[in-house]
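For reference, the structure discussed in these notes is given below.
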Amino acid sequence: MVKDRAFSHSRTLTAANKFLPRKPSSSSISLYIIFLFAFSIFVFNYYSKDILEDEQKHPLPEESQSLQLPREMLWGALDDYGLRPCVEPTAKYKATQARDRYLTVRSNGGLNQMRTGISDMVAVARIMNATLVIPQLDKRSFWQDSSTFTDVFNEHHFITSLQRDVRIVKELPKELESAPRARKHFSSWSGMSYYEEMTHLWKDYQVVHVAKSDSRLANNELPLDIQRLRCRALYNALRFFPPIENLGKVRTIVSLLLVLNT
Numbered sequence: 279m280v281k282d283r284a285f286s287h288s289r290t291l292t293a294a295n296k297f298l299p300r301k302p303s304s305s306s307i308s309l310y311i312i313f314l315f316a317f318s319i320f321v322f323n324y325y326s327k328d329i330l331e332d333e334q335k336h337p338l339p340e341e342s343q344s345l346q347l348p349r350e351m352l353w354g355a356l357d358d359y360g361l362r363p364c365v366e367p368t369a370k371y372k373a374t375q376a377r378d379r380y381l382t383v384r385s386n387g388g389l390n391q392m393r394t395g396i397s398d399m400v401a402v403a404r405i406m407n408a409t410l411v412i413p414q415l416d417k418r419s420f421w422q423d424s425s426t427f428t429d430v431f432n433e434h435h436f437i438t439s440l441q442r443d444v445r446i447v448k449e450l451p452k453e454l455e456s457a458p459r460a461r462k463h464f465s466s467w468s469g470m471s472y473y474e475e476m477t478h479l480w481k482d483y484q485v486v487h488v489a490k491s492d493s494r495l496a497n498n499e500l501p502l503d504i505q506r507l508r509c510r511a512l513y514n515a516l517r518f519f520p521p522i523e524n525l526g527k528v529r530t531i532v533s534l535l536l537v538l539n540t
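When the letters of the sequence shown are read in order and numbered with the numbering used here, they come out as residues 279 to 540.
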């Protein structure tokens with residue numbers, strides 16, 4: 279009786295195995311993948327052809343073509359809409375008076391950060407009634423570059439264009455090179471009252487050295503003439519050294535010619 283049960287169980291398993299799905303072979307899987315890939319390429323080519331033919335039969339309407347700007351409008355000067363630069367001093371602005379006290383500055387940061395910092399220091403020198411010594415450029419923060427202010431900027435233009443605003447000299451007088459100086463890290467985003475308070479330093483020193491120039495002057499709540507002065511310094515006085523400026527103009531012209539000839 280035990281043998282009959284075993285025989286019956288094995289016969290049941292054999293019958294069940296007949297109905298189980300067979301495991302596909304690796305060759306059949308490969309053929310299936312190749313078929314799907316070929317079918318996908320066929321569908322893509324078929325519909326791509328229809329899209330190209332449809333674009334040729336139905337070109338863009340004239341309204342869409344009119345949205346393409348002519349080259350003259352693309353490269354010409356923009357309309358100023360009646361706006362004008364607000365860098366000129368007001369009628370109440372007075373010319374600077376020569377002072378026998380000096381502000382030396384070590385600019386820090388990248389080139390653009392140094393430019394804005396220098397323009398702020400021009401305004402600070404005006405507030406503190408100081409003579410500004412041509413700033414030193416950062417040589418360590420981002421790159422090992424030995425360039426000086428004169429190597430990068432037009433020093434003569436910087437001095438002469440601001441002569442009514444701030445007295446600027448190339449270097450300290452010989453007699454003050456070894457004189458004791460106050461070394462200051464001015465607080466960031468400081469306003470008029472802060473720098474007016476800093477003028478007490480002139481009682482003990484003829485030279486104040488500013489270790490950093492970035493973000494030393496507030497953006498808001500400054501007298502109008504001080505705001506305009508920092509703008510004059512940044513956008514009018516700080517010009518690049520002529521060879522650098524000429525190189526930029528040449529590259530702009532070449533880029534424009536390449537675009538126009540395409």
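A virtual CB, placed ideally from N, CA and C, is assigned to each residue, including glycine.
Work out the CA separation of residue j and residue i for me, nearest whole Å.
i: D423; j: A376; result: 33 Å
i: E523; j: D482; result: 42 Å
i: D416; j: I319; result: 59 Å
i: V486; j: M476; result: 10 Å
i: A369; j: L507; result: 14 Å
i: E449; j: Y359; result: 43 Å
i: S308; j: G388; result: 59 Å
i: F317; j: S305; result: 18 Å
i: A457; j: T382; result: 13 Å
i: P363; j: S425; result: 31 Å
i: K527; j: R393; result: 20 Å
i: H434; j: L516; result: 10 Å
i: R384; j: S471; result: 23 Å
i: P501; j: K372; result: 13 Å
Kindly indicate which three-state DSSP category residue i falls into: helix, strand or coil?
i: V488; result: strand
i: V365; result: coil
i: T583; result: Any question about residue 583 goes unanswered here, given that the chain covers just 279 to 540.
i: V430; result: helix
i: R506; result: helix
i: S456; result: coil
i: F420; result: coil
i: S397; result: helix
i: L495; result: strand
i: R404; result: helix
i: S318; result: helix
i: S306; result: helix
i: F518; result: strand
i: S439; result: helix
i: S468; result: strand
i: G609; result: It is not possible to answer for residue 609, since the shown part of the chain is limited to 279 through 540.
For residue i, list the residues DSSP reports as bridge partners.
i: R384; result: Q414
i: P448; result: At residue 448 the sequence reads Lys, which differs from the Pro that was named. Answer by DSSP bridge pairing: none, since K448 is not bridged.
i: K462; result: V488
i: T409; result: Y380
Decide if the segment 490–504 is in contact with the segment 395–406; the criterion is three or more beta carbon pairs, one per stretch, under 8 Å apart. The segment 490–504 is in contact with the segment 395–406.
Taking contact to mean 3 or more Cβ pairs, one atom from each stretch, closer than 8 Å, check whether the segment 402–417 and the segment 469–483 are in contact. Counting C-beta pairs with one atom in each stretch, the segment 402–417 and the segment 469–483 have three or more that are closer than 8 Å, which means they touch.
Touching by the beta-carbon criterion (3+ pairs, under 8 Å), the segment 429–442 and the segment 509–518: The answer is yes - the segment 509–518 touches the segment 429–442, with three or more Cβ pairs under 8 Å.
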